[in-house]
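> My numbering puts the sequence shown at residues 79 to 582. The beta carbon of each residue, even a glycine, is placed where N, CA and C say it ideally should be. Here it is, the structure in full.
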Amino acid sequence: MPKDIFKYQPRIPQIWFREEASLRPSSLAPPSSHLHLGIKLLTRRYILVSAPTRPTMASARSILLAVAGATFSVLGVNAQDVPFTYNGAFEGATASSTDFNSGGTIRVSGHSVTVPKNLQIQFPAAWVGFKDFAGGSAAFDEYEVEVTGNIVGGTPIAAQISIAHPAPDPLVMAPIVPGDYLEYSGIQVDGEIVVYNMVVSNVQITTTGVPTYIRMEDAIIGVFSSNGDQETAQIRFIGVTSDGAANVNPIKVYAMDVDPCTGKITDREVAATSMIAGSARNKFDYRVKATQTQEYTREYRIVAGTGTRKTKNGILAGQYVMPVSEWIQAEATTPGLAPFANNYRSFPTLTKGLGYDDKNNLWGPLSPFPQSGVTVSDPTKCPPPATEEPPATGGGTTGGGTTGGGTTGGGATTPPATTNDLVTMPTFTWISSGGGTLTISCRSSSTDSKVAMKLSYINRNGATNGATMTAGANGVWNFNARSIKQPTSVTCTSGLGGKVTRTS
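The following block contains the structure:
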């Protein structure tokens with residue numbers, strides 16, 4: 079049941095926060111004020127139910143901003159986009175037309191959100207057009223759904239929607255036996271713990287040789303902002319492998335870019351990492367904070383260094399296709415500022431579209447777009463669909479053999495340079511503040527953009543490879559990130575072949 083968890087009272091009127099943990103409507107009446115938010119279910123969020131008259135700090139992911147659409151005069155931000163995140167019970171969806179890419183309306187925990195044309199719903203292992211989803215939406219009653227977007231001109235418009243299945247029938251789940259060690263998360267209500275997540279963590283299945291199996295725990299993307307009043311979260315890819323052999327490294331991460339006309343997927347390498355030395359679970363944990371604007375996609379492919387192989391039941395082992403489990407928009411760091419809009423301009427799948435599907439339907443950009451001032455592409459300029467060969471799968475093969483750790487159905491490969499550039503590292507510093515802050519500057523003898531300098535480092539968490547560096551003047555490339563354990567060695571590698579390594 080709802081429980082007050084926090085009350086800040088320097089003066090009247092008061093700010094009351096509480097966390098909803100049930101499907102019951104709000105029962106706690108707020109103190110006298112000019113803003114009352116009636117909220118039914120918003121999981122894992124703090125909810126403001128009485129607002130003060132003075133400015134307060136508001137997170138870019140704040141639920142308050144999602145439900146205060148008619149009362150923005152409280153914060154004085156009528157003219158700008160305002161971010162929202164709804165996470166709660168799915169209550170219905172309606173398509174606005176019979177078109178394959180129709181938008182419409184979705185309702186979650188008592189709130190109605192406009193769904194733009196061309197939006198697809200993210201399921202744990204599939205993407206479904208909103209029209210088809212709405213047509214069968216009765217089957218998803220009370221599923222958990224998360225909707226993020228911006229309030230544009232007073233209208234909440236969705237940019238991303240994901241839905242999750244309720245807990246399956248416990249009578250048909252894999253049994254838990256005596257001796258299993260359980261890890262669970264839950265809430266305590268009336269002396270009982272209601273568990274919403276549980277893992278039997280002491281059971282492990284291992285393999286040797288090919289194939290190597292990968293299980294992902296998290297793919298978390300912090301959306302970059304250059305605004306000094308916002309903080310950018312880390313990018314993380316965390317998982318485990320079934321084989322701890324050295325040749326499983328490097329484990330590479332590819333962004334699965336989608337051509338906005340053809341719909342073909344191209345693998346773009348964005349990172350490489352290794353298992354943590356001494357990890358009994360064969361765990362890898364790649365973390366880096368973005369230092370420049372980049373393009374984001376909706377799925378990422380993680381591939382073992384031993385390559386892939388198709389199993390007898392048709393599964394391509396050695397890789398894991400991972401939809402992003404959490405997008406973290408940049409958050410305000412300065413109290414009193416108006417909230418910043420969620421940023422979707424760096425999402426080509428939203429601004430350009432997904433191209434033709436297997437029924438030759440063309441999925442264009444979101445319309446209306448859930449952010450002001452963003453230029454979207456014109457899908458009518460795409461040529462008609464051509465007769466295509468079956469697409470190859472990046473990072474693997476469609477046959478029964480094995481492949482290397484790279485992609486075979488991905489983009490073009492860069493031909494090797496005939497002459498390497500000279501790379502030096504004039505700056506290498508690490509300080510313990512900020513959870514460990516690493517600052518690197520490397521200089522190439524070439525100012526060609528093909529240098530595209532990458533950073534690799536080794537610390538007690540293992541090896542991290544392929545971190546992006548920011549281009550400066552006169553061939554200088556810079557890197558600065560927090561939450562990095564002290565490295566024992568650091569390497570800068572140029573796309574033209576030059577390399578430099580320094581040890582601490």
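Would you report the Cα separation of alanine 416 and glycine 573, rounded to the nearest angstrom?
When rounded, the distance between both Cα atoms is 42 Å.
> Check for me: the alpha helix (DSSP H) holding proline 426 runs from which residue to which?
Residues 426-429.
> How many Å lie between asparagine 391 and lysine 577 at the Cα?
Each residue's Cα considered, the two are about 43 Å apart.
> Could you tell me if isoleucine 393 is buried or exposed, where buried requires 16 or more neighbouring beta carbons within 10 angstroms of its beta carbon?
Isoleucine 393 should be labelled exposed.
> With DSSP collapsed to three states, give me the class of valine 191.
Looking at valine 191 - three-state DSSP - the assignment turns out to be strand.
> Sort Tyr291, Asn179, Gly356 and Thr429 by Cα distance to valine 399 and report the nearest one.
When each option's Cα is compared against that of valine 399, the closest is Tyr291.
> Alpha carbon to alpha carbon, how far is threonine 542 from methionine 531?
Each residue's alpha carbon lies about 15 Å from the other.
> Please determine, among Leu428, Asp363 and Gly322, the residue with the shortest C-alpha to C-alpha distance to isoleucine 199.
Nearest of Leu428, Asp363 and Gly322 to isoleucine 199, Cα basis: Leu428.
> For the beta strand (DSSP E) holding proline 545, just list the boundary residues, first then last.
Here residue 545 is alanine; the residue named in the question, proline, does not match the sequence. 540-546 is the extent of the beta strand (DSSP E) around alanine 545.
> State buried or exposed for arginine 379, treating a residue as buried only when at least 16 other CB atoms are found within 10 Å of its CB.
Buried.
> Near proline 504, what residues of its chain come up, given a Cβ to Cβ distance below 7 Å and the 5 sequence neighbours on each side ignored?
Closer than 7 Å at Cβ, skipping near neighbours: Ser519 and Arg521.
> Would you kindly report the start and end of the unbroken beta strand (DSSP E) that includes glycine 213?
That residue, glycine 213, is in no beta strand (DSSP E); its alpha helix (DSSP H) goes 208-213.
> Are the beta-carbon atoms belonging to leucine 533 and valine 501 less than 8 Å from one another?
Contact flag unset, no.
> Rounded to the nearest angstrom, what separates proline 565 and phenylalanine 418 at their Cα positions?
In a straight line, the C-alpha of proline 565 is about 35 Å away from that of phenylalanine 418.
> In chain order, what are the residue ranges of uninterrupted beta strand (DSSP E) at least 3 long that sit wholly in the segment 544-575?
Qualifying beta strand (DSSP E) stretches, in chain order: 554-559 and 567-571.
> Taking buried to mean at least 16 other C-beta atoms within 10 Å of its own C-beta, is serine 190 buried or exposed?
By the 10 Å Cβ count, serine 190 comes out exposed.
> Identify whether alanine 167 lies in helix, strand or coil by the three-state DSSP scheme.
The answer is strand: DSSP assigns alanine 167 an E or B state.
> So is leucine 197 buried or exposed if we call it buried at 16+ other beta carbons inside 10 Å?
Buried, by the Cβ-count rule.
> Please list, in chain order, all residues of the same chain as asparagine 421 whose beta carbon is under 6 Å from its beta carbon, the five residues on each side excluded.
If we look at asparagine 421 and ignore the five residues flanking it on each side, its Cβ neighbours are Val301.
> Can you tell me which of the three DSSP states valine 326 falls into?
Reduced to three states, the DSSP call for valine 326 is helix.
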